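See below for the structure under consideration.
In the numbering used here, the protein residues as written are 864 to 967.
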């Protein structure tokens with residue numbers, strides 16, 4: 864039974880990320896050529912500008928696919944939660960760092 868649940872979760876995650884990536888790509892592709900949209904999406908990930916991805920997914924689902932705003936938010940929310948928690952962890956780790964001693 865656990866294997867069936869695990870496989871189902873993997874399949875659901877695959878289709879979710881396919882829809883999320885498609886929405887991001889369609890939002891970029893609406894504004895530029897598809898080749899440039901591909902490179903723009905790649906550079907957003909390489910430059911670690913992850914906070915832009917949920918916004919683009921919302922725009923792609925809402926404006927390009929014609930979804931209602933609440934379904935568009937539902938598509939973008941899981942990645943937005945991950946991005947916010949990631950940057951929150953980085954910030955709190957930085958603030959908890961002990962002060963460095965000056966000199967020898």
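Note that beta-carbon positions come from the ideal geometry of N, C-alpha and C, so glycine has one too. Model, not experiment: these values are computed from the prediction.
Reference residue 917; option with closest CA among 886, 906, 910 = The residue you call residue 917 lines up with position 54 of the chain shown. Among 886, 906, 910, the Cα nearest to that of residue 917 belongs to 886.
Are the Cβ atoms of residue 900 and residue 892 separated by less than 8 Å?
-> Position 37 of the chain shown holds residue 900. Position 29 of the chain shown holds residue 892. Taking 8 Å as the Cβ cut-off, residue 900 and residue 892 qualify as a contacting pair.
Give a yes or no on whether the minimum CB-CB distance between residue 887 and chain B is below 8 Å.
-> Absence of chain B from the displayed structure is noted, only one protein chain being present.
What is the DSSP secondary structure of residue 914, reduced to helix, strand or coil?
-> Here residue 914 corresponds to residue number 51 of the chain shown, with the count starting at 1. Note: residue 914 maps to coil in three-state DSSP.
On a CA-only basis, which of 943, 922, 933, 865 is nearest residue 894? Give me that one, please.
-> Here the question's residue 894 lines up with position 31 in the chain shown. Ranking the options by Cα distance to residue 894, first place goes to 922.
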